[in-house]
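Using the working numbering, read the sequence shown as starting at -6 and increasing by one per residue. Every residue, glycine too, gets a C-beta built ideally from N, C-alpha and C.
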Amino acid sequence: VQLQASGGGLVQAGGSLRLSCVHPGSTFNINVVAWSRQAPGKQREFVAHISSGDSTEYADSVKGRFTISRDSAKNTVNLLMNSLKPEDTAIYYCSAHNFKSGDDYWGQGTQVTVSS
């Protein structure tokens, strides 16, 4: 099962983008859907996640600028990114996790480029 991530693109600093991730949903007993990112030459880092109970967590670097939300009817998790900075430039990946089975599902990544 591969998640479908979309919404990346090129935006100027201070602009906004919304990423979307279609995930398997309740069929696969997903506990958490997360976004992570990997910039060129750097390790992948956590960005945000949302649990099946709608609790959210954010990396310090994006708090107050990014908002993660879900549309359960569409099995979609969105990441609204405001006040984008050049350092947000990266490939963004969504992932879904079943803690009981240990199964993890990943999307193909979507490129976000923020110009200064």
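- Here the region 60 to 72 makes contact with the region 21 to 36; the two share three or more CB pairs at distances below 8 Å.
- Within the model, the alpha-carbon separation for PRO17 versus LYS78 is close to 31 Å.
- Using a Cβ distance threshold of 8 Å, LEU(-4) and VAL105 do not count as a contacting pair.
- If the five residues before and after GLY8 are omitted, its C-beta is found closer than 7 Å to the C-beta atoms of LEU77, all from its own chain and listed in chain order.
- With a threshold of 16 other beta carbon atoms within 10 Å, VAL40 meets it and is buried.
- Within the same chain, and ignoring the five residues on either side of THR49 in sequence, the residues whose Cβ sits closer than 6 Å to its Cβ are ILE43, ILE61.
- Looking at the DSSP output, VAL70 shares a beta bridge with CYS14, ARG63.
- Within the same chain, and ignoring the five residues on either side of ALA83 in sequence, the residues whose Cβ sits closer than 7 Å to its Cβ are ARG30, GLN31, ALA32, VAL105.
- Within the same chain, and ignoring the five residues on either side of TYR51 in sequence, the residues whose Cβ sits closer than 7 Å to its Cβ are ALA41, PHE59.
- For ALA32, there is no enclosing beta strand (DSSP E), since its DSSP letter is neither H nor E.
- Per DSSP, LEU77 has no beta-bridge partner at all.
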